[in-house]
Structures are given as C-alpha cells and as structure tokens.
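A.B. asks:
Protein chains: 2
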Amino acid sequence: MLLCNVGNTNANFFDDGKISSMDIANFMSYVPKEKVYIINVNESVKDKISSNSNFIDLEPYFELECDYVGLGVDRIANCYAISDGAIVDAGSAITIDIMYQGVHLGGTILPGLSFLQKAYSSISPRLNVGLNTQISLDSFPQNTLNAVSYGTILPIVLIVEYMSKGKKIFFTGGDGEFFIKFFDKAIYDKTASFRGMLKIIKEKGL
Amino acid sequence: MLLCNVGNTNANFFDDGKISSMDIANFMSYVPKEKVYIINVNESVKDKISSNSNFIDLEPYFELECDYVGLGVDRIANCYAISDGAIVDAGSAITIDIMYQGVHLGGTILPGLSFLQKAYSSISPRLNVGLNTQISLDSFPQNTLNAVSYGTILPIVLIVEYMSKGKKIFFTGGDGEFFIKFFDKAIYDKTASFRGMLKIIKEKGL
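In structure tokens form, the structure reads like this:
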C-alpha cells in the first residue's frame with residue numbers, strides 16, 4: 001500500500017515502511033501506476049491530485065475532535081496517530097499541536113529552519129552565516145554565527161517546552177531529528193503522519 | 001547637536017531630543033549641512049559616510065567591556081547607555097544583549113517582526129495572514145491568524161525572559177514599544193542608542 005504526504009517543499013512517500021521523498025517539481029510530472037493514498041497541503045498540486053483517480057485523497061475522511069479552524073491535513077494526520085502529547089512537525093514550517101486524550105487543544109506555526117536562515121540573509125549579508133548545529137544553549141553567544149544559531153534554535157526549544165507543559169514531545173518532519181538533542185525527553189517519530197493515514201484507511205475500510 | 005543611527009532599513013536622527021526617521025534610499029541622497037555624529041551598521045552606506053567630513057563616525061571611540069566578536073555598533077551604543085539589564089533592539093533584526101555592571105555578557109540575534117512575516121508568506125500563501133497584535137498568549141491558538149501571531153510573538157517573549165533572568169528589560173527600536181505589553185516589567189527606551197552616543201561624545205570630548 002502506497003501512501004503520500006505532500007508538503008510545501010517535498011512529497012514524501014511511504015511504501016510498506018520504506019520512506020522516500022520527491023521535490024514538488026518532480027512530483028508535478030509523477031504519474032501513479034497504482035493506488036496512492038494521499039494527503040496534501042500544497043495548493044499548487046491540488047488540481048493534479050484531483051484529476052487522477054489513482055490518487056485517493058484522505059482529507060475528507062478524517063474526524064478529529066478539534067476547535068481549530070483550518071487545521072492542515074498533515075497536522076490532522078499527525079494528531080490522529082498521537083493522541084497524547086506535543087507534536088512538532090519541523091519542515092518548511094514548524095507546527096506545534098497539543099493533543100490530550102485524542103482531543104486537539106490548539107496549535108501554532110513558526111517558520112522552519114531553512115526559512116529562518118533565508119530571513120537572516122535578507123536582513124543583512126552580515127547575517128548570512130549559516131547555522132552552528134553544535135551550539136550549546138547553556139551560555140550566551142559571543143559571535144555572529146552563534147548569535148544567529150542560538151536565536152534560531154532556542155526560541156523554538158522554549159516554545160515547545162512552554163506549550164508541551166511536561167507532556168511527551170514527538171518531533172516529526174525533515175528537521176525533526178535535529179531538535180531532539182535539545183530536550184531531555186523528546187522522541188523522533190518519522191512516520192506519524194503515515195500512521196495517521198493508515199489508521200483512517202483501516203477505520204473507514206478504504 | 002545632530003546624531004544619526006543608520007540601520008538596515010532606516011536612518012534615525014536625534015536632534016536635541018527630537019527623533020526623526022529616513023529610509024535608506026532617501027538617506028543616500030541626504031547631504032548634511034552641519035556636523036552629524038553617526039553610527040552605522042549598513043554596508044551599503046559606508047562609502048557615503050566616509051566620503052563626507054560632516055559625518056563624524058563614532059564607532060572607533062567606543063570601548064565596551066565585551067568578549068563578543070563583531071558586536072554591531074548600534075548594539076554597542078545601546079549597551080553603553082544601559083549598564084545593567086537585558087537590551088532588546090527590535091528592528092529589522094531583533095538583538096538581545098545582556099549587560100551586568102557595565103560588562104557585556106553576550107547576546108543573540110533574531111529576525112525582526114517584518115522579516116518573520118515575509119518568511120511565513122514565502123513558505124505558503126496560506127500563511128500570508130498578517131499579525132493579530134492583540135493576541136493573548138494565555139491560550140492555544142485555534143486558527144491560522146492566531147497560530148502565526150502566537151508563533152511570531154511568543155518565541156521572542158520566551159527568549160527575552162529566558163536570557164534576562166529577572167534583570168530589568170529595556171526595549172528599543174521601531175517595534176520595541178509593541179512588545180512591552182507582553183511583559184510584567186519592561187521599559188520602552190526609545191533613545192538608548194542616542195544616549196550611548198551622547199555619552200561617548202562627552203567622554204571623548206568630541
């Protein structure tokens with residue numbers, strides 16, 4: 001069974017446990033030869049998906065207890081897989097959603113690491129320094145590279161801690177694995193959205 | 001006595017207590033008729049300033065006790081004016097510097113509000129929603145506008161609280177006034193950099 005989660009930058013596939021990725025430009029010329037269960041948050045590929053009957057859009061089937069208006073289907077799928085905890089999906093955007101006993105309590109959106117780097121560069125060429133991924137958050141920065149790295153990573157760490165309020169923290173998404181070292185107790189859960197998709201496929205007998 | 005602080009987006013003037021602003025494009029055609037004491041972090045106006053003897057560049061005169069390599073002269077001027085506390089300069093970039101008894105302990109750099117907004121828009125048109133400046137940080141967001149606003153403001157509030165460790169917090173810069181409502185004890189100090197400039201002018205007899 002082939003699953004696909006289309007984001008703003010990449011389309012990620014799940015083929016019986018095997019994960020692979022395709023950028024959106026390539027996805028635009030991708031023709032499925034079999035049934036593909038799909039979720040998509042990218043406006044630019046909507047028509048492509050709806051015009052091929054091999055794509056089975058799962059979005060209409062999800063039923064999540066939730067007051068959030070306009071929750072993206074990628075976040076819904078994550079929340080469907082993880083019924084308790086903070087779910088941090090770190091991709092183009094970083095979304096943080098709080099689940100408690102299967103109920104979505106709310107969530108937020110931050111720019112992802114690569115877009116934060118672009119923001120620094122566009123403020124001033126002096127801030128186009130990259131990211132020190134080994135930065136320690138325990139002492140104040142003493143140069144521009146560390147000031148930018150600390151200013152990129154620490155606010156994200158602090159808001160995740162603040163919102164999770166001691167709950168279990170699950171990171172997913174392309175940059176998810178990078179973040180877990182900054183937390184005492186955080187898990188990298190690569191397949192959350194796909195497990196959410198498998199769950200709804202099973203529940204609805206699709 | 002005319003002072004000028006040139007940033008990445010605007011040049012701000014201080015004329016015996018009166019503050020005015022000019023964007024960089026206009027500043028490029030500005031010809032001073034009198035002596036202008038100046039600090040500048042903008043590479044693109046460096047030649048202009050050095051080629052007119054009416055501009056008195058204060059950068060070489062500052063002596064701040066500091067281990068930070070490459071601290072911008074705007075931050076140095078702020079720190080020269082405020083010898084104890086956290087100094088948050090919220091402009092194109094947001095810089096946070098920690099001073100203790102006249103010594104600079106370190107600092108960090110974040111993208112400013114307008115550049116964060118641009119980052120959201122460039123991730124997805126869905127995130128081009130603006131900023132709810134009245135957002136409450138006390139409850140989890142339940143729609144995209146509030147998710148983006150919370151994700152913009154709360155990480156900045158949390159890192160300022162984290163770094164200030166109970167010290168007095170001084171906000172300055174164009175967006176500085178906006179932030180003080182999110183803190184129990186924070187002061188908007190519009191003229192910090194100019195007071196730092198006046199201090200060095202007096203000390204060095206310029």
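These protein sequence lines map, in sequence, to chains B and H.
Going by UniProt numbering, the first sequence opens with residue 1, and the numbers climb by one from there.
Going by UniProt numbering, the second sequence opens with residue 1, and the numbers climb by one from there.
Glycine included, each C-beta is placed from N, C-alpha and C at the ideal position.
Would you call H:Tyr-120 buried or exposed, if buried means 16 or more other Cβ atoms sit within 10 Å of its Cβ?
C.D. replies: buried
A.B. asks: Just to confirm before moving on: does the CB-CB distance between B:Asp-89 and B:Gly-173 stay below 9 Å?
C.D. replies: yes
A.B. asks: Nearest by alpha-carbon distance to H:Ile-156: which of H:Thr-95, H:Lys-199, H:Leu-206, H:Ser-124 is it?
C.D. replies: H:Thr-95
A.B. asks: Taking residue 208 of chain H as the query, report the chain B residues whose CB atoms sit under 9 Å from its CB, ordered along the chain.
C.D. replies: The displayed coordinates of chain H run from 1 to 206. Any statement about residue 208 of chain H would go beyond what the structure contains.
A.B. asks: What residues in its chain sit with their C-beta under 7 Å from that of H:Asn-128, if we drop five residues either side in the sequence?
C.D. replies: A distance below 7 Å between beta-carbons, with the five flanking residues on each side excluded, links H:Asn-128 to the following residues of its chain, in chain order: Tyr-120, Ser-121.
A.B. asks: I need the boundaries of the alpha helix (DSSP H) containing H:Gly-151, first residue and last residue.
C.D. replies: 144–164
A.B. asks: Counting pairs of Cβ atoms below 8 Å between the segment 101–108 of chain B and the segment 55–70 of chain B, do you hit three or more?
C.D. replies: yes
A.B. asks: At a CB-CB cut-off below 8 Å, which residues of chain H make contact with B:Gln-142?
C.D. replies: Asp-67, Tyr-68, Val-69, Gly-106
A.B. asks: Quick one: list the residues of chain B neighbouring H:Phe-115, beta-carbon separation under 7 Å, in chain order.
C.D. replies: Contact annotation for H:Phe-115 against chain B: Ala-119, Ser-122, Ile-123 [CB-CB distance below 7 Å, chain order].
A.B. asks: Quick check on B:Phe-27: does DSSP put it in helix, strand or coil?
C.D. replies: helix
A.B. asks: How should H:Gly-166 be labelled, buried or exposed, when 16 other C-beta atoms within 10 angstroms of its C-beta is the threshold for buried?
C.D. replies: exposed
A.B. asks: Would you kindly work out how many angstroms separate the C-alpha atoms of H:Ile-201 and H:Lys-18, rounded to a whole number?
C.D. replies: 18 Å
A.B. asks: Do B:Tyr-37 and B:Ile-24 have their beta-carbon atoms positioned less than 9 Å apart in this structure?
C.D. replies: no
A.B. asks: Can you give the Cα-Cα distance for H:Asp-184 and H:Glu-177, rounded to whole angstroms?
C.D. replies: 14 Å
A.B. asks: Per DSSP, what kind of secondary structure is H:Ser-124 in: helix, strand or coil?
C.D. replies: coil
A.B. asks: For a quick check, are the C-beta atoms of B:Asp-175 and B:Gly-91 less than 9 Å apart?
C.D. replies: Cβ distance < 9 Å, so B:Asp-175 and B:Gly-91 count as in contact.
A.B. asks: Buried or exposed for B:Val-31, going by 16 or more other Cβ atoms inside 10 Å?
C.D. replies: exposed
A.B. asks: Going by DSSP in three states, B:Asn-52 sits in which element: helix, strand or coil?
C.D. replies: Judged by DSSP in its simplified three-state form, B:Asn-52 adopts coil rather than helix or strand.
A.B. asks: If we cut at 9 Å on Cβ distances, does H:Leu-64 have a partner in chain B?
C.D. replies: For H:Leu-64, the answer is no, since every Cβ of chain B falls outside 9 Å of its Cβ.
A.B. asks: State buried or exposed for H:Lys-204, treating a residue as buried only when at least 16 other CB atoms are found within 10 Å of its CB.
C.D. replies: exposed
A.B. asks: Give every residue of the same chain whose Cβ lies closer than 7 Å to the Cβ of H:Glu-59, excluding the five residues on either side of it in the sequence, and list them in chain order.
C.D. replies: Within the same chain, and ignoring the five residues on either side of H:Glu-59 in sequence, the residues whose Cβ sits closer than 7 Å to its Cβ are Ile-39, Val-73.
A.B. asks: Take H:Leu-154 and list the residues in its own chain whose beta-carbon comes closer than 8 Å to its own, dropping the five residues that flank it on each side.
C.D. replies: When the five nearest sequence neighbours on each side are left out, the beta carbons in the same chain lying within less than 8 Å of the beta carbon of H:Leu-154 are those of Leu-137, in order along the chain.
A.B. asks: Check B:Gly-107 in the structure and name its three-state DSSP category.
C.D. replies: strand
A.B. asks: Looking at chain B, which residues of the segment 4–29 of chain H have a Cβ within less than 7 Å of any of its Cβ atoms?
C.D. replies: Asn-8
A.B. asks: Per DSSP, which residues does B:Gly-85 bridge with? Please list them.
C.D. replies: B:Met-99
A.B. asks: With DSSP as the reference, please indicate the residues paired to B:Asp-15 in a beta bridge.
C.D. replies: B:Leu-2, B:Lys-18
A.B. asks: Where does B:Ile-135 sit, in a helix, a strand or coil, going by DSSP?
C.D. replies: When DSSP states are grouped into helix, strand and coil, B:Ile-135 belongs to the coil group.
A.B. asks: Cα-Cα, which of B:Asn-42, B:Glu-34, B:Leu-158, B:Phe-62 is closest to B:Asn-52?
C.D. replies: B:Glu-34
A.B. asks: Do you know offhand how far H:Ile-87's Cα is from B:Lys-168's?
C.D. replies: Going by the C-alpha atoms only, they are around 34 Å apart.
A.B. asks: Exposed or buried, which one is B:Pro-111 when buried takes at least 16 other CB atoms within 10 Å?
C.D. replies: buried
A.B. asks: Are the Cβ atoms of residue 225 of chain B and B:Phe-194 separated by less than 9 Å?
C.D. replies: Nothing can be reported for residue 225 of chain B, as the shown portion of chain B is limited to 1 through 206.
A.B. asks: Less than 9 Å between CB atoms is the rule here; does B:Ala-77 satisfy it with respect to chain H?
C.D. replies: Not one chain H Cβ lies under 9 Å of B:Ala-77.
A.B. asks: Rounded to whole angstroms, what is the Cα-Cα separation between H:Glu-43 and B:Gly-196?
C.D. replies: 50 Å
A.B. asks: Using a cut-off of 8 Å between C-beta atoms, extract the partners of H:Tyr-162 located in chain B.
C.D. replies: Leu-154, Leu-158
A.B. asks: Once DSSP output is grouped into helix, strand and coil, what is the label at B:Glu-177?
C.D. replies: helix
A.B. asks: Would you verify that the beta carbon of B:Ser-136 is, or is not, closer than 9 Å to some beta carbon of chain H?
C.D. replies: Residue contact check for B:Ser-136 against chain H: no CB pair falls below 9 Å.
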